[in-house]
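**Q** Numbering (this note's numbering), first residue to last: 3 to 366. Just so you know, even glycine gets a beta-carbon here, dropped at the ideal spot from N, CA and C. Since the model is a prediction, treat every value here as computed from it, not as a measurement.
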């Protein structure tokens, strides 16, 4: 059996050695190179063409973010960020790297505190990410400027699948869920929505709790919308025009005109769960809901999207060609939950068309 070829990048020699030991102990993995900074990572990536790369964020000479941007532009490679940096500025760089094409992020343990549970998660993440066909990203620094994400070379956006057309009505709530690949995808969708929306946008993202602390603030810097974490018992009517994100480690639901947060058991191993939000909206708002399920692994959100469709709301799923992982959207399509299946670039404009100029539309 052909082994998966791994490039390990970290400025700590001790950490690199430990990671290499963990990876080479698995019969399906082979470490083909090590790099101590982003510049050397780029050189080895071009020379060795690994199947997957583990990448630290904060390194000398060239950071993990800069290396990610370059690699995803010229030698697209599945990247697992392994970072211990949890302050606001470093978290922003991690989100930037995810938006630039890195696949996922894992918290780095201290050099003398790598337990067997973390080792199993690390190996499983490397194996999963190595099998993902990554998207080539146009070279650009992720400042506040416009970002562009190119489709895989030679690929064309498919004609949208329309299972049925929306009836003429006002949608008063937009709900979006995403997992792997979600940071880049939600930025693309929100940038297509004009400022001054007169509806709230609720968003659930699967991201490990240590890394989620500053995500709402980062997202606000990337889009023309006000973004905040949900607060328990907040009245929905006061949230029009805002993007409301489920906070890390807590389910977000809607009922009786208010938001509700809880720490009930995870759904599909996820807390927050997209299904929890979508199902509550189906019960509370029914036909007023416009919901979208974006890229992600697993099946969270598919049943909730179906509940919204059955309640009379309108539902969209991201298509396979533009999904980093066509897991959650695929499950929704198989359930018959998605009334439209669209490429990522068409989802935001379609939401704008569905909102229209009525009470649920954008302000003038």
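1. Identify every residue that forms a DSSP beta bridge with residue 244.
2. From residue 332 to residue 293, what does the alpha carbon distance come to, in whole angstroms?
3. What is the C-beta distance between residue 206 and residue 218, in whole angstroms, given that I count them as a contact (C-beta under 8 Å)?
4. Rounded to whole angstroms, what is the Cα-Cα separation between residue 12 and residue 20?
5. Quick one: measure Cβ to Cβ for residue 128 and residue 56, integer angstroms, because I've assumed they're closer than 8 Å.
6. Can you give me the C-alpha to C-alpha distance between residue 42 and residue 61, rounded to a whole angstrom?
7. For my contact list, residue 40 and residue 79 are in at a C-beta cut-off of 8 Å; report their separation, rounded to the angstrom.
8. Keeping to the same chain, check which residues put their C-beta closer than 6 Å to that of residue 193; ignore five residues upstream and five downstream.
9. So which of 59, 311, 263 has the shortest CA-CA distance to residue 98?
10. Does the region 241-253 come within contact of the region 266-274, defined as at least 3 CB pairs closer than 8 Å?
11. Out of 63, 73, 27, 183, point me to the one whose CA is closest to residue 46's CA.
12. Identify the residues that DSSP records as bridge partners of residue 205: which are they?
13. Roughly how many whole angstroms lie between the Cα atoms of residue 8 and residue 314?
14. Please state whether DSSP places residue 277 in a helix, a strand or coil.
15. For residue 180 and residue 188, I'd like the C-alpha separation in whole angstroms.
16. What do you reckon, are the CB atoms on residue 344 and residue 319 nearer than 9 Å?
17. Which whole-angstrom value is the C-beta distance of residue 34 and residue 50, which I expect to be below 8 Å?
18. Hey, how far is the Cα of residue 317 from the Cα of residue 325?
19. Beta carbon of residue 260, beta carbon of residue 175: below 9 Å?
20. Secondary structure at residue 132, three-state DSSP: helix, strand or coil?
21. Helix, strand or coil for residue 84, going by three-state DSSP, please let me know.
22. Tell me the rounded alpha-carbon separation between residue 196 and residue 247.
23. State the start and end residues of the unbroken alpha helix (DSSP H) segment that holds residue 338.
24. For the candidate residues 16, 209, 358, 37, whose alpha-carbon lies nearest to that of residue 63?
25. Determine the direct distance from the alpha carbon of residue 322 to that of residue 157, and round the result to whole angstroms.
**A** Taking the coordinates as given:
1. As a position in the chain shown, residue 244 is number 242, starting the count at 1. Bridge pairing for residue 244: 228 [DSSP].
2. Taking the first residue of the chain shown as 1, we reach residue 332 at position 330. Taking the first residue of the chain shown as 1, we reach residue 293 at position 291. Going by the C-alpha atoms only, they are around 15 Å apart.
3. As a first step, residue 206 is located in the chain shown; it is residue number 204 there, counting from the start. As a first step, residue 218 is located in the chain shown; it is residue number 216 there, counting from the start. Not really, about 12 Å apart at Cβ, beyond 8 Å.
4. Reading the chain shown from its first residue, position 10 is the one you call residue 12. Reading the chain shown from its first residue, position 18 is the one you call residue 20. So the alpha carbons of these two residues sit roughly 11 Å apart.
5. Translated into the one-based positions of the chain shown, residue 128 becomes position 126. Translated into the one-based positions of the chain shown, residue 56 becomes position 54. Between residue 56 and residue 128 the Cβ distance is about 7 Å, and since that is below 8 Å, they are a contact.
6. Taking the first residue of the chain shown as position 1, residue 42 is located at position 40. Taking the first residue of the chain shown as position 1, residue 61 is located at position 59. CA-to-CA, the gap between residue 42 and residue 61 works out to about 11 Å.
7. Taking the first residue of the chain shown as 1, we reach residue 40 at position 38. Taking the first residue of the chain shown as 1, we reach residue 79 at position 77. Contact annotation, residue 40 with residue 79: C-beta distance approximately 13 Å; criterion of less than 8 Å not satisfied.
8. Within the chain shown, the letter at position 191 stands for residue 193. 225.
9. In the chain shown, residue 98 corresponds to position 96, counting from 1. Nearest option by C-alpha distance: 59.
10. The region 241-253, when compared against the region 266-274, does touch it at the 8 Å Cβ threshold.
11. Counting from 1 along the chain shown, the entry for residue 46 is found at position 44. For residue 46, the closest C-alpha among the options 63, 73, 27, 183 is that of 73.
12. On the chain shown, residue 205 is found 203 positions in, with the first residue counted as 1. Its beta-bridge partners are 178, 247.
13. In the chain shown, the residue the question calls residue 8 occupies position 6. In the chain shown, the residue the question calls residue 314 occupies position 312. C-alpha of residue 8 to C-alpha of residue 314: approximately 47 Å in a straight line.
14. Numbered from its first residue, the chain shown carries residue 277 at position 275. DSSP places residue 277 in helix when its eight states are reduced to three.
15. The residue given as residue 180 occupies position 178 in the chain shown. The residue given as residue 188 occupies position 186 in the chain shown. If you take the alpha carbons of residue 180 and residue 188, they lie about 8 Å apart.
16. By one-based count along the chain shown, residue 344 stands at place 342. By one-based count along the chain shown, residue 319 stands at place 317. Yes, Cβ-Cβ distance for residue 344 and residue 319 is below 9 Å.
17. Your numbering for residue 34 matches position 32 in the chain shown. Your numbering for residue 50 matches position 48 in the chain shown. In this structure residue 34 touches residue 50 by the C-beta definition: roughly 5 Å separates them, less than 8 Å.
18. Taking the first residue of the chain shown as 1, we reach residue 317 at position 315. Taking the first residue of the chain shown as 1, we reach residue 325 at position 323. Taking the straight line from one Cα to the other gives about 17 Å.
19. The sequence position of residue 260 within the chain shown is 258, counting from 1. The sequence position of residue 175 within the chain shown is 173, counting from 1. Contact: no.
20. To locate residue 132, count along the chain shown from 1; it is residue 130. Looking at residue 132 - three-state DSSP - the assignment turns out to be helix.
21. Taking the first residue of the chain shown as 1, we reach residue 84 at position 82. Strand at residue 84.
22. Position 194 of the chain shown, counting from 1, holds the residue named residue 196. Position 245 of the chain shown, counting from 1, holds the residue named residue 247. When the Cα atoms are used, residue 196 and residue 247 turn out to be separated by approximately 18 Å.
23. To locate residue 338, count along the chain shown from 1; it is residue 336. Note, residue 338: premise wrong, no alpha helix (DSSP H); not H, not E.
24. Reading the chain shown from its first residue, position 61 is the one you call residue 63. Ranking 16, 209, 358, 37 by Cα distance to residue 63 puts 37 first.
25. Numbered from 1 along the chain shown, position 155 holds the residue referred to as residue 157. Numbered from 1 along the chain shown, position 320 holds the residue referred to as residue 322. Confidence is the limiting factor: at residue 157 the pLDDT is only 30, short of 50, which leaves the residue's position unreliable and the question unanswerable from this model.
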